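What follows is one structure encoded as structure tokens, with my remarks underneath.
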Amino acid sequence: EAKVGIDFFPLTVNYQEKTHAAGKIPGGFFKREGKSSEKEVLVSRLIDRPIRPLFSDGFFNETQLVCTVHSYDERYNTDILALIGASAALAISGVPYLDIVSASRVGYINDEFVLNPSTKDLEKSKLDLIVAGTESSVMMVESEAKLLTEQQMLEAVKFGHEGFKPVIGLIKELVEEVGKPIWGMSEVFPQELKDHIKEVAENDIIKAFDIKVKQDRYTALDIIAKAMQEKFTDEEPYDEMQVAAALADLKSEVLRNKTLTEKKRIDGRNLDQVRDIACEVGLFKNTHGSALFTRGETQALVSTTLGTAQDGQVIDDLEGEYKERFLLNYLFPPYSVGEALPLRPPSRREIGHGKLAWRALKGVFPGKEFPYTIRVVSEITESNGSSSMATVCGASMSMMNAGVPITAPVAGIAMGLVKEKDEFVILSDIVADEDHLGDMDFKVAGTTEGVTALQMDIKVAGITLEIMEKALEQAKAGRIHILEQMTKAIDSVHDVSNNAPVIVSFQINKDKIKDVIGPGGKVIRDICETTGAKIDINDDGTISVAAVGKDKLDAAVKRVKEIAIDPKVGDIFNGTVVKLLDAGAFVNFIGTKDGFVHISEISHDRIKSVDSVLSVGQKVKVKLIGYDRGKAKLTIKNAYNKKQKKDVDVTNDVAEEEEKPKNQEESKAEVVNNQNKSAENNSREGAKKWNNNSKSNKNNASEENDVKERKYFD
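So in our numbering the end of the sequence shown lands on 727, straight run, no missing numbers.
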């Protein structure tokens, strides 16, 4: 039954993944699937967008589509299959669905387009584009690209459209076999009602659309709507929904005629004119990076935070478990549009807009040479259209302010379309009313050199490649204009904030990993707790140490190296006597490593007893002379440059030796320390300036007893 008292189509699309489809058991205490994951929400939106415009006007019956993954092949993504399945189900259901939709994925590998590439192929592809539509028209495009040209993006859409046409033929065959009769539909409102409203209110609506300020314009339109409800529901046999629908249709007609005939927009701008832009960076003292991007009545306040590898988001889905180190959260609070509503978890729209901005910036994101986890949060403080593209612009500036070495700044712009028969106009930087009453919402993001993301939603049939090509060209001009304004606020990558952690990475022998971790994680936990640092260890022996502050970082690195170092015979160390025996003494000579000094190796002269020369806690210089069943053998008498004499106190002798030129081992340690200091200074001096589209990061390297160290900085 149709729902009463609503003026929208109540369609719900739910895409859900079952872990048994991949032969897995869900994690967690309850061992069952929970609320929808981010991926499930995104695929649900992907299915919703191309099919919603194809339902007949006035169809207000509550409709739900459930797409469930029951079997999963890791070689291919499930989203395209789910969209095709949803279209087929609608086609045979008998609901008033105007046309059949299909979809395909397009990759770009080795300068060639690839239809429906595998997941492995996508890893090396410069493009991940999904196109959906009918046999004659494209209805939806969503893509992530690595700086492809507008022409390449257009060719990809055309390639994908041709690729899915055979599937539509198969669905038509299915409809012929099992399809149900199409439901009958009643009119949304009588035509005479619209004619009556037009006579009374058209001039007032035209004047209202000349008001440039959004809230003032909405107030004027609300007054008109209230007057029409009072007039036609009291005096005539029409209900509120019919009056509201007829008035909405009239408003759309007025705005579209004004745009097509007068080439004039709501706020008086030219068709290709971008609203006034204001940019600012570094607003807050204690954030790692921040930016404020304002375009007309749309504003995004964006902050960037740098974290360690431990701060990455663990994602566990059908593809397996992995960690994402680039996070972008888009927030759309009620106050941004003048509403007072409860604050709830992120909506589907917020998740979708955040992912679009994420795709736009992913193409310029630095590689593993910049080892930080990066979280960007965009809060929309006011909105009148294109808030997702404001997020792209603000996030780009905020990341540069935080010292993230993106390869180039990225800007985004939303394009609109008004089309009647063969006549059309394309609008740059659309406002909310132009989005709502227009025929297309076309978002394009990229650099001066190419496109990084594209999202298109079309509400009418007949959008040709010619229209898309013109929209892309006009979008490029607008995007470059926006980038010029952004460059005035920040033209290069700034220094990494002093509040951000400094990260040092180095390699150790894989056999030493267990020693660094310790039994039950005791050793590594103690290092982290006592130094305040964070330590990550990979299976290949790569260790990353992160801390806020040089002292904490150096202390943690020193502790790890002392454990991981593999002393060589002949190396000399400053040690501490930890235990005395009749046969000799145990000396701690590096980290947690103890070695044994036999009584014969204490002095060149004969001594009566060990405790006559040594005492617990005494500092001595020792030399590694070998191993006995894995235990270190040390000497004191051969660790000095001069012959030990019976009446010379060992402690004083060590003090004298420390004033002398350092031995080879100490020299190595000093070189490493100096290089660490140099890398620390470089990391604080900041990320190098962005030059055109490319940026390279250099790493300092040093070697200490087979320990290779890399200090990451920009």
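The C-beta atom is built at its ideal place from N, Cα and C for all residues, glycine as well. These numbers were taken from a predicted model, which means no experiment stands behind them.
Three-pair Cβ contact test at 8 Å for the stretch 375–385 versus the stretch 467–476: no
C-beta contact flag for glycine 608 and valine 626 at 8 Å: Locating residue 608 in the sequence shown gives position 595, counting from the first residue. Locating residue 626 in the sequence shown gives position 613, counting from the first residue. Cβ distance not < 8 Å, so glycine 608 and valine 626 don't count as in contact.
Selection from Thr605, Val590, Ser505 that minimises the alpha carbon distance to alanine 598: Here residue 598 refers to the residue found at position 585 when the sequence shown is read from its first residue. It is Val590 whose Cα lies nearest to the Cα of alanine 598.
Residue range of the beta strand (DSSP E) that includes aspartate 329: Reading the sequence shown from its first residue, position 316 is the one you call residue 329. Taken as a continuous stretch (DSSP letters only), the beta strand (DSSP E) holding aspartate 329 covers 326–330.
First and last residue of the uninterrupted beta strand (DSSP E) at glutamate 564: For the purposes of this step, residue 564 is identified with residue 551 of the sequence shown, where counting begins at 1. One detail in the question is off: residue 564 reads as aspartate in this sequence, not glutamate. Here aspartate 564 belongs to no beta strand (DSSP E); instead the alpha helix (DSSP H) covers 563–577.
Beta-carbon proximity check, valine 119 vs alanine 169, cutoff 8 Å: Here residue 119 is taken as the residue at index 106 of the sequence shown, counted from 1. Here residue 169 is taken as the residue at index 156 of the sequence shown, counted from 1. For valine 119 and alanine 169, yes; Cβs fall inside 8 Å.
Proximity below 8 Å, CB of leucine 142 to CB of glycine 173: As a working mapping, residue 142 is identified with position 129 in the sequence shown. As a working mapping, residue 173 is identified with position 160 in the sequence shown. Yes; because the gap between Cβ atoms is below 8 Å, this pair is in contact.
Per-residue burial, threonine 132 [other beta carbons within 10 Å of its own, 16 or more giving buried]: Translated into positions along the sequence shown, residue 132 becomes position 119. Label assigned to threonine 132: exposed.
Member of Ile615, Ala652, Pro109 whose CA lies at the smallest distance from the CA of serine 199: Numbered from its first residue, the sequence shown carries residue 199 at position 186. Selected option, being the one with the closest Cα: Pro109.
Under 8 Å between C-beta atoms of valine 423 and serine 409: As a working note, residue 423 is residue 410 in the sequence shown. As a working note, residue 409 is residue 396 in the sequence shown. In contact: valine 423 and serine 409 (Cβ atoms closer than 8 Å).
Helix, strand or coil at threonine 394 [DSSP, three-state]: By one-based count along the sequence shown, residue 394 stands at place 381. Strand.
Span of the alpha helix (DSSP H), counted from its first residue to its last, around tyrosine 348: Against the sequence shown, residue 348 aligns to sequence position 335. Here tyrosine 348 belongs to no alpha helix (DSSP H), and DSSP marks it neither H nor E.
Residue closest to glutamate 395, alpha-carbon to alpha-carbon, out of Leu440, Ile419, Leu344: Counting from 1 along the sequence shown, the entry for residue 395 is found at position 382. It is Leu344.
One or two residues paired with glycine 611 in a DSSP bridge: As a first step, residue 611 is located in the sequence shown; it is residue number 598 there, counting from the start. Per the sequence shown, residue 611 should be read as histidine rather than glycine. Looking at the DSSP assignment, histidine 611 forms a beta bridge with Gly597.
Aspartate 442, enclosing alpha helix (DSSP H) - first and last residue: Position 429 of the sequence shown holds residue 442. No alpha helix (DSSP H) holds aspartate 442; DSSP gives it neither H nor E.
Backbone CA spacing between alanine 238 and alanine 415 [nearest angstrom]: For the purposes of this step, residue 238 is taken as residue 225 along the sequence shown, with counting starting at 1. For the purposes of this step, residue 415 is taken as residue 402 along the sequence shown, with counting starting at 1. The alpha-carbon atoms of alanine 238 and alanine 415 are separated by roughly 48 Å.
Proximity winner among Ala560, Leu96, Asp124, relative to alanine 116 (alpha-carbon distances): Against the sequence shown, residue 116 aligns to sequence position 103. Cα-wise, what sits closest to alanine 116 is Leu96.
Buried or exposed (CB count within 10 angstroms, at least 16 for buried), valine 529: For the purposes of this step, residue 529 is taken as residue 516 along the sequence shown, with counting starting at 1. Buried.
DSSP state of asparagine 651 mapped onto helix, strand, coil: Translated into positions along the sequence shown, residue 651 becomes position 638. Looking at asparagine 651 - three-state DSSP - the assignment turns out to be helix.
Burial state of proline 580, where buried means 16 or more other Cβ atoms lie within 10 Å: Translated into the one-based positions of the sequence shown, residue 580 becomes position 567. Flag for proline 580 reads buried.
Asparagine 270, DSSP secondary structure in three states: The sequence position of residue 270 within the sequence shown is 257, counting from 1. In this structure, asparagine 270 counts as helix in the three-state DSSP scheme.
CA nearest to the CA of isoleucine 181, picked from Thr147, Ile210, Thr318, Val154: Here residue 181 corresponds to residue number 168 of the sequence shown, with the count starting at 1. Ranking Thr147, Ile210, Thr318, Val154 by Cα distance to isoleucine 181 puts Thr147 first.
Alpha-carbon spacing of lysine 244 relative to alanine 259, whole angstroms: Counting from 1 along the sequence shown, the entry for residue 244 is found at position 231. Counting from 1 along the sequence shown, the entry for residue 259 is found at position 246. So the alpha carbons of these two residues sit roughly 14 Å apart.
Touch test, the stretch 324–335 against the stretch 22–41, Cβ-Cβ under 8 Å, three pairs minimum: yes
Per DSSP, cross-strand counterpart(s) of arginine 388: As a working mapping, residue 388 is identified with position 375 in the sequence shown. Paired residues: Thr318, Leu340.
Bridge partners - glutamine 312, DSSP secondary structure assignment: By one-based count along the sequence shown, residue 312 stands at place 299. According to DSSP, which records beta bridges pairwise, glutamine 312 is partnered with Thr307, Glu395.
Three-way DSSP call (helix, strand, coil) for aspartate 553 in this model: Taking the sequence shown and counting its residues from 1, one reaches residue 553 at position 540. Note: aspartate 553 maps to coil in three-state DSSP.
CB contact flag (leucine 305, glycine 407, <8 Å): Position 292 of the sequence shown, counted from the start, is the residue given in the question as residue 305. Position 394 of the sequence shown, counted from the start, is the residue given in the question as residue 407. Yes.
Status (buried if at least 16 other CB within 10 Å, exposed otherwise) for serine 138: On the sequence shown, residue 138 is found 125 positions in, with the first residue counted as 1. Buried, since its Cβ has 16 or more Cβ neighbours within 10 Å.
Proximity to serine 518 [Cα-Cα], best of Ala233, Val582, Asp247, Tyr385: Residue 518 sits at position 505 when you count from the first residue of the sequence shown. Ranking Ala233, Val582, Asp247, Tyr385 by Cα distance to serine 518 puts Tyr385 first.
Distance, glutamate 266 Cα to leucine 13 Cα: A query on residue 13 cannot be resolved here, the shown segment of the chain reaching from 14 to 727 and no further.
The stretch 423–434 in contact with the stretch 485–497 per 3-pair CB rule at 8 Å: yes
Three-state secondary structure (DSSP) of asparagine 511: Against the sequence shown, residue 511 aligns to sequence position 498. In the structure shown, asparagine 511 sits in coil (DSSP, three-state: anything other than H, G, I, E or B).
Of the listed residues Val417, Asp448, Met254, Ser613, nearest to leucine 430 (C-alpha basis): Indexing the sequence shown from 1 puts residue 430 at position 417. It is Asp448 whose Cα lies nearest to the Cα of leucine 430.
Glycine 367 classed as buried or exposed, judged by whether at least 16 other C-beta atoms fall within 10 angstroms: As a position in the sequence shown, residue 367 is number 354, starting the count at 1. By the 10 Å Cβ count, glycine 367 comes out buried.
Valine 226 burial status per 10 Å Cβ neighbour count (16 or more: buried): Here residue 226 is taken as the residue at index 213 of the sequence shown, counted from 1. That one is exposed.
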